[in-house]
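>
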Amino acid sequence: MPELPEVETVRVGLARWVRGRRIARVDVVHPRAVRRHLAGGDDFAAVLAGRTVTDVLRRGKYLWLALDSDDAVIGHLGMSGQMLLLEAAVPAGPHLRVRFTFSDGGPELRFVDQRTFGGWSLSPGGAALPAEIAHIARDPFDPAFDAEHVVAALRRRHSGVKRALLDQTLISGVGNIYADESLWRAKLHGARRAAELTRPVARRLLGHVSDVMVEALGQGGTSFDALYVNVNGESGYFDRALAVYGREGQPCRRCGAPLRREPLMNRSSYSCPRCQPRPRRRSV
DNA sequence: CGCAGGCCCTGGTAGC
DNA sequence: TGCTACCAGGGCCTGC
6 MPELPEVETV
16 RVGLARWVRG
26 RRIARVDVVH
36 PRAVRRHLAG
46 GDDFAAVLAG
56 RTVTDVLRRG
66 KYLWLALDSD
76 DAVIGHLGMS
86 GQMLLLEAAV
96 PAGPHLRVRF
106 TFSDGGPELR
116 FVDQRTFGGW
126 SLSPGGAALP
136 AEIAHIARDP
146 FDPAFDAEHV
156 VAALRRRHSG
166 VKRALLDQTL
176 ISGVGNIYAD
186 ESLWRAKLHG
196 ARRAAELTRP
206 VARRLLGHVS
216 DVMVEALGQG
226 GTSFDALYVN
236 VNGESGYFDR
246 ALAVYGREGQ
256 PCRRCGAPLR
266 REPLMNRSSY
276 SCPRCQPRPR
286 RRSV
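For the first sequence, this note's numbering gives the first residue as 6, with consecutive numbering after it.
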């Protein structure tokens with residue numbers, strides 16, 4: 006489940022391996038992978054052929070290949086997407102969705118995605134920042150990330166604080182895993198109403214969000230199964246450092262109480278019943 | 001407008 | 001053994 010640290014790891018890998026190369030051919034193996042490109046897979050491939058990748062950029066969980074035509078190819082890993090760089094001779098796996106081959110004959114870029122939540126689309130003129138993702142807020146790795154602005158926006162939200170953290174138009178890059186980890190560090194239950202957080206508490210929470218993702222980036226990303234693999238095909242291993250996510254029934258590392266799992270927004274949330282008491286008035 | 005919830009999708013696993 | 005039900009969840013979409 007790639008979140009900001011994992012996507013940044015992929016971006017760095019793509020920049021290293023794809024920047025400056027000319028796309029010779031694109032094969033859309035599964036149409037769902039380009040469902041956002043309404044003109045279809047053939048058109049997607051035709052537009053990209055002959056273009057050179059000038060840079061690989063990212064905002065939140067979206068990344069894009071900037072092209073010499075000033076257009077962009079936006080990519081999202083979804084739940085299970087992988088970017089693999091492989092020699093052409095390596096046989097295709099069962100979940101290959103899109104294949105990019107390059108005119109230099111070097112390694113292909115293969116987008117592999119079991120659950121098909123991820124995909125690609127074209128953004129005309131979007132090399133600097135695709136209009137399609139301009140509504141996505143800056144993420145904590147962005148030099149222009151304005152924490153005080155996010156604190157103020159967070160404190161105007163009437164929804165639960167976890168829902169607010171997962172809202173990519175408020176702060177981007179945070180997913181279910183790092184939201185839970187951040188809330189545990191901040192000793193806050195995710196159903197606490199965001200608007201009820203004091204300014205210092207909101208600041209502290211955002212500090213934890215940033216810390217936990219910076220730490221994950223340093224570890225090379227999170228992996229729970231073989232689904233997340235970085236661009237060179239190596240699994241991340243940050244899972245060993247997770248304090249709450251996936252640890253139902255195991256002792257809280259702070260107080261020893263058995264961690265709980267409960268549904269929130271129709272997905273699992275992990276927290277400590279003692280460190281993160283449920284609010285009387287719950288917001289989701 | 002803000003907010004909440006449903007849906008998409010596949011493979012692994014639990015349960016019968 | 002083979003079937004069904006359920007779970008994982010990011011982001012888009014709809015409806016209130």
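Cβ coordinates follow ideal geometry from the N, Cα and C atoms, glycine included.
Could you name the residues that DSSP lists as bridge partners for residue 28?
107.
> Using three-state DSSP, classify residue 138 as helix, strand or coil.
DSSP places residue 138 in helix when its eight states are reduced to three.
> Please state if the CB of residue 70 and the CB of residue 19 are separated by a distance shorter than 9 Å.
Result yes, Cβ atoms of residue 19 and residue 70 sit closer than 9 Å.
> Look at the alpha carbon of residue 74 and the alpha carbon of residue 31, and state the distance between them as a whole number of angstroms.
Cα to Cα, residue 74 sits roughly 16 Å from residue 31.
> For residue 41, which residues in the same chain have their Cβ closer than 7 Å to its Cβ, ignoring the five residues on either side in sequence?
Correct list, in chain order: 124, 126.
> Put residue 273 into one of helix, strand or coil per three-state DSSP.
It is a strand residue.
> With contact counted as at least three CB pairs below 8 Å, one residue from each stretch, are the stretch 48-64 and the stretch 73-91 in contact?
Cβ pair count under 8 Å is three or more, so yes.
> Between the beta-carbon of residue 60 and the beta-carbon of residue 157, is there less than 9 Å?
Cβ atoms of residue 60 and residue 157: not closer than 9 Å.
> Any idea what DSSP makes of residue 267, helix, strand or coil?
Strand, per DSSP.
> Indicate whether residue 198 and residue 166 have their beta-carbon atoms separated by less than 9 Å.
Yes, these two residues count as a Cβ contact at 9 Å.
> For residue 9 versus residue 65, is the C-beta spacing smaller than 9 Å?
Yes, the pair counts as a contact, with Cβ atoms nearer than the cut-off.
> Between which residues of its own chain and residue 39 is the CB-CB distance below 8 Å, once the five residues before and five after are set aside?
Hits under 8 Å: 33, 45, 46, 49, 103, 124, 125, 126.
> Any idea what DSSP makes of residue 47, helix, strand or coil?
Correct three-state label for residue 47: helix.
> Do three or more CB pairs link the stretch 274-286 to the stretch 190-207 at distances below 8 Å?
Judged by Cβ distances under 8 Å, the stretch 274-286 makes contact with the stretch 190-207, as three or more pairs qualify.
> Assuming contact is defined by CB atoms lying nearer than 9 Å, are residue 106 and residue 35 in contact in what I supplied?
No, Cβ-Cβ distance for residue 106 and residue 35 is not below 9 Å.
> How should residue 145 be labelled, buried or exposed, when 16 other C-beta atoms within 10 angstroms of its C-beta is the threshold for buried?
The residue in question, residue 145, is buried, as its Cβ has 16 or more Cβ neighbours within 10 Å.
> What do you get for residue 163, buried or exposed, if any count of 16 or more other CB atoms within 10 angstroms of its CB means buried?
Answer is exposed; the Cβ neighbour count stays below 16.
> How would you label residue 260, buried or exposed, when you count the other beta carbons within 10 angstroms and need 16 or more for buried?
Exposed is the call here.
> Here's a check: name, in chain order, each residue in its chain whose Cβ is nearer than 8 Å to the Cβ of residue 24, leaving out the five neighbours to either side.
The residues are 58, 59, 60, 61.
> How about residue 169 and residue 175: are their beta carbons less than 9 Å apart?
Contact flag set, yes.
> Return the CA-CA distance between residue 148 and residue 26, expressed in angstroms with no decimal places.
Cα to Cα, the separation comes out at about 27 Å.
> Report back the beta-carbon spacing between residue 264 and residue 252 to the nearest angstrom; my notes put them in contact at under 8 Å.
Contact holds; Cβ gap of about 5 Å.
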